[in-house]
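Okay, structure first, notes after.
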Amino acid sequence: MQILITLKGYVCDVCCGKIPIDAIRAITGMVRPRRTQAEAGTGKPSAQSVITELWYKESQNLKLLLADFGLNWNGFMSINHFGHYCGIGSGKDGLGVFEMEIYEGEELLLTFIPPPVQPELKERFMGLDKIRIKTIDSPPLPYAGEGFVPISSGLWGIGTIEFRLEKGPRFDPENLELVTMDLCDIGIGEDCLTTGLIYNGRDIPGIPSPGPSREPYPAVWYSQGEKKWLDLGDASTF
207 MQILITLKGY
217 VCDVCCGKIP
227 IDAIRAITGM
237 VRPRRTQAEA
247 GTGKPSAQSV
257 ITELWYKESQ
267 NLKLLLADFG
277 LNWNGFMSIN
287 HFGHYCGIGS
297 GKDGLGVFEM
307 EIYEGEELLL
317 TFIPPPVQPE
327 LKERFMGLDK
337 IRIKTIDSPP
347 LPYAGEGFVP
357 ISSGLWGIGT
367 IEFRLEKGPR
377 FDPENLELVT
387 MDLCDIGIGE
397 DCLTTGLIYN
407 GRDIPGIPSP
417 GPSREPYPAV
427 WYSQGEKKWL
437 DLGDASTF
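For the sequence shown, position 210 matches number 416 in my numbering, and the numbering has no gaps at all.
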């Protein structure tokens, strides 16, 4: 019989790739009049909110623009030259807020919740601090090459990641490890992304299922001149 382990929390999809600096200038050129027009009305959206609308929701407009720069645009996940990362995000809260349920067939064996576990709940739940953590190397700041710059973007939303393994003679939750990594160096504000599970020293493949309601991360690019990540719609550097 299989053991099913389900993580429930904020499931993230993040991609880091490269884009011509001239393409960023062209995108900024599209954003400026939209922002000016919007600010002339009742609302005053930020540059990031305008670029978010373009980057994540208007694929056809962006596809036509980026085709001029030799880019085959099919959503933000198509810009993933340096890596595609998926996991349970934490923001700046360490391991983050999520639950882990362990099933054997239809039977719920254990439920782990973020610590501290209240005394009245200890008979029903265990703290995630009982699970060991393996921190893997963070993705380094990539070098994009002459005329290109790194760019990172992604979506997050409440969902699940499921892990399945064949039950041995005895399932022991103390042999589990949570795998985490830090995405801050590639411009995403996640200091502890939980990307997987290890059992008895072996990786368990996970299947992510983000929920239908997802929020975008800011689309950011790395400026070599300023030595920092900037909003994609930031025009101050041009």
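C-beta: ideal position from N, C-alpha, C; glycine also.
The DSSP-derived three-state label of leucine 271 is helix.
The bridge partners DSSP lists for aspartate 409 are Ile404. For the pair glycine 439 and valine 256, the CB atoms are nearer than the 8 Å cut-off. Arginine 370 has its alpha-carbon roughly 34 Å from the corresponding atom of isoleucine 357.
In this structure, leucine 301 sits away from tyrosine 309, with a CB-CB distance that is not shorter than 8 Å. Between the stretch 333-341 and the stretch 377-397 there are three or more C-beta pairs closer than 8 Å, enough to call the two in contact. It is roughly 6 Å from the alpha-carbon of leucine 347 to the alpha-carbon of aspartate 391. Looking from the CA of alanine 232, the closest CA among Asp274, Phe304, Glu352 and Gly395 belongs to Asp274.
Per DSSP, the continuous beta strand (DSSP E) segment holding aspartate 437 begins and ends at 434-437. DSSP places tryptophan 279 in the coil class of the three-state scheme, outside both helix and strand. Per DSSP, the continuous beta strand (DSSP E) segment holding leucine 210 begins and ends at 208-226. Spatial neighbours of lysine 224 in its own chain (CB-CB distance under 8 Å, excluding positions within 5 residues in sequence) are listed in chain order as Ile285, His287, Phe288, Pro348, Ala350, Gly351, Phe354, Val355, Pro356 and Ile357.
In the pairwise beta carbon analysis, the stretch 322-336 is classified as not touching the stretch 399-408: fewer than three pairs are separated by under 8 Å. Sequence-distant partners of cysteine 222 (beyond 5 residues in either direction) whose C-beta falls short of 6 Å from its own C-beta, in its chain, are Phe288, Gly289, Ser358 and Ile392.
Collapsing the DSSP output to three states places serine 265 in a helix.
Of the other Cβ atoms in all chains shown, fewer than 16 fall within 10 Å of the Cβ of glycine 374; this residue is therefore exposed. Under the three-state reduction of DSSP output, lysine 336 falls in the helix class. DSSP, read as helix, strand or coil, puts cysteine 390 in helix. In the structure shown, serine 344 falls within a coil segment according to DSSP collapsed to helix, strand and coil.
Exclusion of the five residues before and after proline 414 leaves Val217, Cys292 and Ile367 as the residues of its chain whose Cβ lies within less than 6 Å of its Cβ.
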